[in-house]
Structures are given as C-alpha cells and as structure tokens.
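Here the protein sequences line up with chains A and B, keeping their order.
Residues in the first sequence are numbered consecutively from 62, following the working numbering.
Residues in the second sequence are numbered consecutively from 2, following the working numbering.
Glycine included, C-beta positions come from ideal geometry on N, C-alpha and C.
Notes follow the structure.
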Amino acid sequence: MAKQRIPVLRVSKLKKAYGPVTIVSDFSLEVWPGEAVALTGRNGAGKSTILRCLVGADKIDEGTIEVCGERMRESSPQIRRDLATVIDDLDFFPDLSVVEHLDLLARAHGLPDADAAVDEVLHEVQLVPQSGQLPGTLSSGQRRRLALATAFVRPRQLLILDEPEQRLDVEGVAWLAERLVAERQRGLAIVMASHEPTLVERVATRTLRIGGARGAQDGAA
Amino acid sequence: MSKRARKKASSRPGPAPAGDARPASPSPVAPVGPEATVPVQEPAAASVPSPAPADEAPPEPAGPVWHHSLVDLVPEPVSERDLRSLMKDWRRGRATRHIWEVIQDGYVAVLAVVMIGAMIASVVWRAQGIAAECTTATCQTGRTLLPWAALFGTLAVTLAVARLFGPIVASAAEGFWLMDAPVRRSRLLAGRLVAVVVVAGIVSALFGGLVAALTGSPLAEAGIWAAASALGAAGLTAFAAAEQGADRHWTVRVLTWLAGALGLTALMAVVAVAAGWTTLGFDLTLGVRLAGIVGGVGVVLLLAGGAAAFARLDGMRRARLLSGGSLVSGMQGAMFAMDVGLMRDILVERDAMDRGHVRPTRGRGLGVNALVWRDLQRLIRFPKSLLLLLVGLVVPYAVGALGLGSFSPFISGMVLMTALVPLLGSLRVLSRTKGLARAFPFSTQDIRRAVMTVPAVLALLWAAAAVPAFAGLGSGTQHLPLLDAVIHAGLTGVAGLLAAVRWVTAKPADYGTPMVQTGMGAMPPGLMVNLFRGIDVMAGVTGPLLLGWSPWVSVVIAGVVFFLLQGGMSMEEAQAMQEEQKRQLADLKGAQGTAAPAGKTRIPPPAKR
Numbered sequence: 062m063a064k065q066r067i068p069v070l071r072v073s074k075l076k077k078a079y080g081p082v083t084i085v086s087d088f089s090l091e092v093w094p095g096e097a098v099a100l101t102g103r104n105g106a107g108k109s110t111i112l113r114c115l116v117g118a119d120k121i122d123e124g125t126i127e128v129c130g131e132r133m134r135e136s137s138p139q140i141r142r143d144l145a146t147v148i149d150d151l152d153f154f155p156d157l158s159v160v161e162h163l164d165l166l167a168r169a170h171g172l173p174d175a176d177a178a179v180d181e182v183l184h185e186v187q188l189v190p191q192s193g194q195l196p197g198t199l200s201s202g203q204r205r206r207l208a209l210a211t212a213f214v215r216p217r218q219l220l221i222l223d224e225p226e227q228r229l230d231v232e233g234v235a236w237l238a239e240r241l242v243a244e245r246q247r248g249l250a251i252v253m254a255s256h257e258p259t260l261v262e263r264v265a266t267r268t269l270r271i272g273g274a275r276g277a278q279d280g281a282a
Numbered sequence: 002m003s004k005r006a007r008k009k010a011s012s013r014p015g016p017a018p019a020g021d022a023r024p025a026s027p028s029p030v031a032p033v034g035p036e037a038t039v040p041v042q043e044p045a046a047a048s049v050p051s052p053a054p055a056d057e058a059p060p061e062p063a064g065p066v067w068h069h070s071l072v073d074l075v076p077e078p079v080s081e082r083d084l085r086s087l088m089k090d091w092r093r094g095r096a097t098r099h100i101w102e103v104i105q106d107g108y109v110a111v112l113a114v115v116m117i118g119a120m121i122a123s124v125v126w127r128a129q130g131i132a133a134e135c136t137t138a139t140c141q142t143g144r145t146l147l148p149w150a151a152l153f154g155t156l157a158v159t160l161a162v163a164r165l166f167g168p169i170v171a172s173a174a175e176g177f178w179l180m181d182a183p184v185r186r187s188r189l190l191a192g193r194l195v196a197v198v199v200v201a202g203i204v205s206a207l208f209g210g211l212v213a214a215l216t217g218s219p220l221a222e223a224g225i226w227a228a229a230s231a232l233g234a235a236g237l238t239a240f241a242a243a244e245q246g247a248d249r250h251w252t253v254r255v256l257t258w259l260a261g262a263l264g265l266t267a268l269m270a271v272v273a274v275a276a277g278w279t280t281l282g283f284d285l286t287l288g289v290r291l292a293g294i295v296g297g298v299g300v301v302l303l304l305a306g307g308a309a310a311f312a313r314l315d316g317m318r319r320a321r322l323l324s325g326g327s328l329v330s331g332m333q334g335a336m337f338a339m340d341v342g343l344m345r346d347i348l349v350e351r352d353a354m355d356r357g358h359v360r361p362t363r364g365r366g367l368g369v370n371a372l373v374w375r376d377l378q379r380l381i382r383f384p385k386s387l388l389l390l391l392v393g394l395v396v397p398y399a400v401g402a403l404g405l406g407s408f409s410p411f412i413s414g415m416v417l418m419t420a421l422v423p424l425l426g427s428l429r430v431l432s433r434t435k436g437l438a439r440a441f442p443f444s445t446q447d448i449r450r451a452v453m454t455v456p457a458v459l460a461l462l463w464a465a466a467a468v469p470a471f472a473g474l475g476s477g478t479q480h481l482p483l484l485d486a487v488i489h490a491g492l493t494g495v496a497g498l499l500a501a502v503r504w505v506t507a508k509p510a511d512y513g514t515p516m517v518q519t520g521m522g523a524m525p526p527g528l529m530v531n532l533f534r535g536i537d538v539m540a541g542v543t544g545p546l547l548l549g550w551s552p553w554v555s556v557v558i559a560g561v562v563f564f565l566l567q568g569g570m571s572m573e574e575a576q577a578m579q580e581e582q583k584r585q586l587a588d589l590k591g592a593q594g595t596a597a598p599a600g601k602t603r604i605p606p607p608a609k610r
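This is the structure:
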C-alpha cells in the first residue's frame with residue numbers, strides 16, 4: 062500500500078525554546094500506522110511542549126514536522142482532517158449541548174451517517190444522560206470525556222493526546238486504554254503523553270522517556 | 002474574642018516562605034482557651050506527642066500526632082465585629098502605603114479627573130441652556146419623553162445588573178472563611194445591602210438628571226427626574242435583594258422586561274412624534290408630575306424591599322452570594338486587562354450555566370454547511386438576539402427623524418454592530434482559542450466565512466429594512482435619492498457586520514511582549530487599540546459617507562477590511578508560510594549543491610560574520 066511508505070508523523074530535529082530556556086532540542090520521531098508512542102517523564106520535562114508543537118499550537122524554532130507527508134501548518138485543512146487532538150486548549154461552544162458538539166463535528170467531517178456515529182461515541186464515553194447539557198455545567202471529568210469524544214467521533218489518521226487520563230475515574234482510564242488499543246489495532250497512529258503507567262503499558266508500542274531539567278540545554282529532550 | 006487574643010493571633014508569623022519547604026502534614030489545632038481561639042497552623046516539627054497513661058503501652062504513632070481532637074474543643078462565642086476587625090487588621094498590616102500617599106503620588110490623575118469632571122459639567126450646563134431655548138415640536142417632545150425613556154432604561158438596567166450579580170455578593174474567601182463560621186450573615190451583609198442600594202441610587206440619579214438636563218428641562222425638573230431615577234433604582238435594588246433572599250428570580254426578570262418595554266415605547270414615541278407620524282395628546286407638564294409618582298413608588302419599594310431584604314439576609318444562600326462574587330472578580334480581571342471581549346465571554350458563560358440544559362436538535366448539512374445550519378438553528382433557539390436586531394432598526398429612523406440623517410451611517414452602524422455581536426458567538430469561540438478550530442477540517446478563511454454567513458444575511462436584511470429611513474421617510478429629515486439611500490443603507494449594514502467581526506475576533510493585549518512607554522505608564526501594545534475595536538472599522542467604512550465622498554471609497558475600504566478579517570492575511574500564517582518558503586529554498590539549494598554538474602566546482606557562499 063502506498064500509504065505505508067510514509068510515516069504518519071515525521072519529526073526531525075525539533076527545537077523549541079522559550080526565551081533563553083530551551084525546552085526541547087534535537088528531537089526526532091517517526092510514527093507509522095498502527096503504532097502508539099507514549100511520551101513519559103516528570104512534570105516540566107517538555108512532553109506537553111512537544112505535543113503542542115506537533116499539533117501546530119506552538120511555533121517551532123528549528124526542525125520540521127510532517128503529518129502524512131505534508132509539512133505542518135496548523136490551518137491546513139488536510140492536516141486538520143488527518144489529525145485529531147486532545148490537548149489543553151480545547152474550547153467548547155457555550156450554547157451548544159454535548160450531543161450537538163459531536164453532531165457538528167461529525168457533519169463537518171462529512172460523515173454520511175453522523176447520527177449513528179454520534180450515538181455510538183456518546184454511549185461509549187457514557188455521556189448519554191448529559192447529552193442535552195451545556196458544557197459549562199459539566200464536571201471536569203465529563204468535560205474530559207467530551208473532549209475525547211470530539212476526537213473519536215471524526216475520521217483521523219493520527220491521534221495526539223496530552224495526558225488523556227486526566228480527571229478520568231478508574232473505569233474511565235480502563236475504557237480509554239481499551240479504546241486506544243482498538244484504535245491502534247485498526248491501523249491508526251497515536252502519540253500521547255501520560256503519567257499513568259497502566260495506560261502506557263497497555264497502549265504504547267514504544268515509550269520515549271523525556272528527561273532533562275528546564276533551563277539545562279544539554280539535558281533537554 | 003478578646004483584643005489581646007486578636008493581637009496575639011495577628012502577630013503570629015505567616016506561612017513559611019516558599020524556600021522553607023517542610024513535608025506536608027495535617028496542621029494541629031492551637032490550644033483552646035481565652036489566649037487563642039483562632040486555629041493557627043504550627044510547624045509539624047513543633048508537635049510533641051501527648052503522654053500516654055502509665056498502665057498501658059502507648060501505641061506506636063502511625064502518622065502525625067494531634068494535640069486535640071475537635072470533639073474536645075469548646076468554642077467561644079464569636080463576635081462578627083471582632084472577626085471583621087481582625088480581617089481589617091490583616092489587610093492593613095499588608096498594605097505598604099496609606100491611601101493618602103497613593104493620592105499624592107497620583108496627583109496628576111486626580112487633577113485630570115477633576116478637570117475632566119469640570120469640563121463635562123460645563124458642557125452639560127451650556128447644552129442645557131441651548132436646548133432650553135429650543136421651542137420646536139421635536140424639542141418639546143424630546144423634553145417630555147426622553148427623560149421617560151432614560152428613566153425606564155435606567156430601571157431596566159439596574160434590575161438586570163442586580164439579577165446578574167445578586168445584587169448582594171460575597172467573595173470566595175469570605176464564603177470559605179466566614180460563611181462556614183457560626184456567625185450571623187446579616188451582620189456581615191447588612192453594610193453590603195446598604196452599599197448596593199446607595200450606589201444604584203447615585204448612578205441612576207446622575208444618568209436621569211443628565212438626560213433631563215440635556216433635553217433642555219429646567220434645573221428644578223432635572224432634579225425631579227434625578228430624584229425619581231435615584232429612588233426608583235434604589236427601591237428596585239432593595240426589592241431585588243429581597244428576592245435574592247427568597248431565592249426567587251422570575252419577579253425581577255418580569256420587572257426587567259416591563260421596564261425595558263416601557264423605555265422602548267417612550268423612545269419610539271419620541272421618533273414617531275419627531276417624524277410627524279403622531280402628536281402627543283396630553284399636557285407636557287404631566288410627565289414631571291408622573292415622575293414624582295415613580296419616586297414615591299420607589300420610596301415604598303425601598304422601605305418594604307429593604308426591610309424584607311434585611312430580614313432575609315441570614316437565610317441568604319452562600320452559593321448565590323459567591324456566584325455573584327466570582328462574577329465580580331472575573332469582570333474585574335477582564336476590566337483591568339481592558340478586555341471587553343472577555344467580559345462578554347464571562348457573561349455568556351454565566352448565562353449558559355444558568356440555562357444549563359437545552360433540547361438537542363439534529364444538525365443539517367455536511368462539511369462547511371453544517372456550521373452555517375448550526376448557526377441558523379442557534380438563532381431559532383435563542384431569538385433574543387434577533388429581537389435586539391429588530392429594536393436596533395428603530396435607530397436609523399430615530400436619527401433621521403431628529404434631523405441627524407447625515408450621521409446616520411455611523412450611529413446606526415454602531416447600533417447594528419452591537420446587535421450583531423451576540424450573533425457571532427461561533428466566530429468568537431472559534432477565534433479565541435485554536436483548539437476547537439483545529440478540530441474542523443477547513444481553513445481559517447472557510448471557517449470564518451461560514452460562521453459569518455447568517456449574521457451577514459441578517460445585516461443585509463436589516464439594511465434593506467433601513468432603506469426608507471435613509472431615503473428620508475417622515476418629515477424634517479434629510480432626503481436621499483433612492484439609489485443613494487440603498488447604497489448608504491447597504492454600506493451601513495456592511496460596516497456594522499465588519500465592525501462586529503472585528504470586535505469579536507480582536508486579540509486581547511499581549512502582556513508577554515515588551516511594554517510601550519506612555520504618559521500613563523508602561524502599557525502592552527494593543528491595549529488602548531483594544532478599547533476601540535469595532536469603532537475603528539466603523540469609522541473607516543462610514544467615514545467617507547459622513548465626509549460626502551464617493552461611496553466607492555467606502556466600498557474599497559470595506560473590501561480590504563473584509564479580506565483582512567476573514568483571515569486573508571493572518572500575520573502568524575504569513576510568517577509561517579514565509580519560513581516554510583525559506584526552508585524549501587534552503588532544501589532546494591542543498592539538493593542543487595549535492596548534485597553539482599560534473600566539471601564544475603561549487604563555490605561555497607561566504608560565511609556570515
């Protein structure tokens with residue numbers, strides 16, 4: 062298959078600094094379909110920064126990022142089509158209910174049977190009772206489930222998740238692990254940062270430990 | 002609590018500095034007795050295990066040792082006044098400068114305020130004199146009805162603000178530290194009740210009196226209007242506080258709508274009379290006498306509502322008090338950053354939380370059309386914003402009827418902008434953070450064009466309905482040929498839409514960038530510009546019309562503004578594309594360098610110094 066010849070994500074010599082402090086330097090990564098890469102490491106090691114760069118939320122200082130062969134440009138429709146993300150900058154429409162958010166995303170991505178897809182995901186994230194609720198009234202855990210649902214309700218090639226287990230209960234983490242394993246087995250690529258060892262163990266095919274202290278250039282990721 | 006105990010408690014050292022890190026452990030409660038009744042955290046190292054009875058071996062302590070359990074604690078009666086004075090002590094103890102020193106340091110600002118105040122007073126005084134000389138029917142009508150519109154408008158706004166905030170509020174800290182304590186809430190909140198009632202009265206008096214004076218009413222009459230506004234607003238605020246105590250909202254909501262409807266009716270009557278569509282069939286001095294009645298009703302409400310509110314202060318729900326307090330602190334933060342967009346976001350979020358739940362509707366269309374359809378469904382679900390647009394349609398007619406037709410594009414456009422902002426909610430969310438926009442498989446331009454579609458159609462409909470106003474419907478107005486009226490109305494509609502889009506999509510001031518030195522101190526670039534967002538676009542597009550230039554100038558300006566606002570030239574994207582081109586060029590050069598034709602020597606470029 063032609064698609065398998067290029068990696069879903071190719072990062073080459075990525076460098077990101079905030080002022081004089083280098084957070085990430087010389088970071089390279091290739092992720093192929095069916096692979097799940099977990100970034101681990103202590104707080105402040107640069108995991109979230111790497112993910113923010115990968116999705117285009119942060120501008121990189123050096124290096125290149127390609128998604129399905131296309132150079133990363135955050136506003137590129139093709140990249141937006143291929144890349145589903147759950148990082149900390151997701152916002153919701155205050156006047157649209159839970160189910161309407163999912164419905165809108167499914168339709169925007171051109172799903173012919175949007176209703177079925179939305180129902181399935183809604184059941185899966187256990188937000189059926191909250192389907193008519195506005196996002197402002199959801200608990201933090203429910204908001205997290207909604208955020209994950211926005212990534213699962215649409216077509217994607219690559220899933221980038223920043224600490225997806227955050228604010229999920231034990232059952233929620235177990236469900237998430239199962240779901241991500243299924244995603245991987247279906248041939249999708251996953252890059253995630255996590256502090257949850259069980260999630261990393263179950264999902265990841267490769268684990269990258271991001272180390273080094275903030276401000277120490279030689280120790281950056 | 003004794004003064005000695007208070008002094009002792011307040012003189013205890015505060016929390017340890019950040020560098021003095023100790024392992025976290027539950028804090029023991031201070032010894033009980035007259036010497037110290039305020040629980041004070043002691044360092045864990047100071048804990049000493051209490052001696053165990055001699056006949057049994059003490060169990061090995063598994064964790065931190067507590068001197069006293071709460072069961073042993075015999076609480077002293079707490080005086081609310083002492084608590085408040087203790088809080089005052091703490092606050093004053095942390096202040097580094099006295100208020101008078103601050104005023105001395107900021108004397109330039111104080112002088113500026115005094116001078117501006119004097120100028121405003123002088124302008125109002127002179128305007129009142131000039132307006133009082135006017136005896137035309139328009140002036141007479143304005144003098145009779147505009148104070149009514151202002152009075153009811155003020156009352157509606159007072160009620161809306163009171164319902165939004167509480168009107169009685171408490172900060173999160175007060176809620177956590179004081180409301181949990183066995184203290185009488187009425188003692189803590191009584192001063193606050195009086196304060197909100199007084200502030201509502203003063204602000205309303207200023208506004209009511211100002212409008213009456215500007216319409217040319219004699220000063221005595223202006224005083225009556227001011228008093229009526231003050232008493233009415235104060236009475237309604239007291240009533241709203243009483244309803245807050247009863248945890249009831251609908252009464253205040255109904256009164257708000259009623260006052261708003263009366264104000265709007267008075268405003269429309271001014272337009273109708275000024276345009277010659279109707280005449281006032283009653284004695285013009287009747288208004289002032291009726292204002293006295295409004296003041297009287299206000300007094301009754303003030304006394305009855307105030308007494309009821311005071312009686313209910315003890316039972317006032319903490320959640321209700323704190324939600325108003327958190328709203329106030331959020332708005333304060335947005336105000337300090339001069340981010341009016343954020344202020345609106347907070348209010349919208351609050352409104353959504355109050356609503357909580359909606360009946361979900363199935364979307365329509367696929368691709369980018371789904372966004373357009375969803376906006377339409379939103380409009381059907383929340384038609385209030387459409388009502389605002391319809392009310393705004395009165396303005397071009399009112400402006401024309403008052404003989405100010407040449408200013409109509411700007412004035413009407415500003416009102417249209419205000420009415421369109423709530424309709425651009427999707428654009429606001431999709432432009433304030435990139436996370437949600439990234440989830441849609443469209444370019445920024447496509448997204449912006451899609452979420453601007455419904456408001457654009459409404460703006461065009463508004464413009465079509467405003468054409469008669471620009472053509473000079475009614476008497477005493479500026480008459481434009483039909484084609485010119487259509488062009489003026491259309492450009493006003495376009496200007497209103499673009500100004501609203503600019504208002505909604507403007508980025509907040511960036512405090513991370515280097516500051517700019519100004520006469521008022523250091524400021525982040527864009528802070529002042531932020532205040533005039535929307536107005537700048539409006540002035541740019543309608544300015545040529547006001548100056549009598551060719552409408553084509555406005556058309557060209559509007560085209561450029563549209564191109565910029567729909568994301569045609571995002572600086573970030575332009576920069577990213579430039580960098581991408583540079584990289585590609587470098588790659589190409591590298592490839593050419595490695596594949597240099599045989600027989601030719603590649604000369605390396607000179608090294609940069």
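Beta-carbon proximity check, residue i vs residue j, cutoff 8 angstroms
i, j, result
"A312 (chain B)", "T238 (chain B)", "no"
"S407 (chain B)", "V396 (chain B)", "no"
"L323 (chain B)", "G217 (chain B)", "no"
"A223 (chain B)", "A213 (chain B)", "yes"
"L221 (chain B)", "A292 (chain B)", "Note that residue 221 (chain B) is Ala in the sequence shown here, rather than Leu. Result no, Cβ atoms of A221 (chain B) and A292 (chain B) do not sit closer than 8 angstroms."
"A97 (chain A)", "T259 (chain A)", "no"
"A169 (chain A)", "G368 (chain B)", "yes"
"V373 (chain B)", "G364 (chain B)", "no"
Local Cβ density within 10 Å of residue i, reported as buried at 16 or more and exposed below that
i, result
"P54 (chain B)", "With a pLDDT of only 47 at P54 (chain B), under 50, the local geometry of the prediction cannot be trusted, and the value read off the model is given with reservation. Exposed: under 16 other Cβ atoms inside 10 Å."
"G130 (chain A)", "exposed"
"P173 (chain A)", "exposed"
"P168 (chain B)", "buried"
"Y79 (chain A)", "exposed"
"T97 (chain B)", "exposed"
"K108 (chain A)", "buried"
"P24 (chain B)", "Note that P24 (chain B) scores 35 on pLDDT, short of 50, meaning its location in the model is unreliable; the coordinates nonetheless yield the value given after this. Result: exposed."
"A467 (chain B)", "buried"
"F153 (chain A)", "buried"
"E224 (chain A)", "buried"
"G130 (chain B)", "exposed"
"L302 (chain B)", "buried"
"I126 (chain A)", "buried"
"Q333 (chain B)", "exposed"
Among the options, nearest to residue i - alpha-carbon criterion
i, options, result
"M539 (chain B)", "B:P410, B:V184, B:R363", "B:P410"
"A305 (chain B)", "B:F240, B:L421, B:T514", "B:F240"
"R319 (chain B)", "B:V373, B:L367, B:R351, B:D248", "B:D248"
"V1 (chain B)", "B:I536, B:L152, B:V517, B:A440", "What is shown of chain B runs 2 to 610, which leaves residue 1 (chain B) out entirely."
"D143 (chain A)", "A:G102, A:L163, A:P94, A:A177", "A:P94"
"V184 (chain B)", "B:L314, B:T454, B:I225", "B:L314"
"R382 (chain B)", "A:E185, A:E161, A:V182", "A:E161"
"R71 (chain A)", "A:R270, A:I251, A:R240", "A:I251"
Test: residue i CB closer than 8 angstroms to a CB of chain D
i, result
"L151 (chain A)", "In summary, chain D is missing from the structure at hand, where the protein chains are A and B."
Any chance you could list the alpha helix (DSSP H) runs of at least 4 consecutive residues sitting entirely within the stretch 65-109 of chain A, in chain order?
-> none
Continuous beta strand (DSSP E) assignments of at least 3 residues falling wholly in the stretch 458-520 of chain B = 517-519
Residues in the stretch 364-377 of chain B having any Cβ partner in chain A nearer than 9 angstroms | Legend: CB atoms of the stretch 364-377 of chain B lying less than 9 angstroms from CB atoms of chain A belong to residues G364, R365, G366, L367, G368, V369, N370, A371, L372, W374, R375.
If contact means a Cβ-Cβ distance below 9 angstroms, which residues of the stretch 431-442 of chain B contact chain A?
-> From the stretch 431-442 of chain B, only L431, R433, T434, K435, G436, L437, A438, R439, A440, F441, P442 have a Cβ closer than 9 angstroms to chain A.
May I have a chain-ordered list of the alpha helix (DSSP H) segments no shorter than 4 residues that lie completely inside the stretch 205-254 of chain B?
-> 220-246
Can you list, in chain order, the residues of the stretch 155-170 of chain A whose Cβ is nearer than 7 angstroms to any Cβ on chain B?
-> Under the 7 angstroms Cβ criterion, the stretch 155-170 of chain A contributes P155, D156, S158, V160, E161, D164, L165, L166, R168, A169, H170.
Can you list, in chain order, the residues of the stretch 330-342 of chain B whose Cβ is nearer than 7 angstroms to any Cβ on chain A?
-> none
Going along the chain, which unbroken runs of the beta strand (DSSP E) with 3 or more residues stay wholly within the stretch 96-170 of chain A?
-> As far as the stretch 96-170 of chain A is concerned, its whole beta strand (DSSP E) runs of at least 3 residues are 97-101, 123-128, 144-147.
Of the residues that make up the stretch 177-193 of chain A, which ones have a beta carbon closer than 8 angstroms to any beta carbon in chain B?
-> S192, G193
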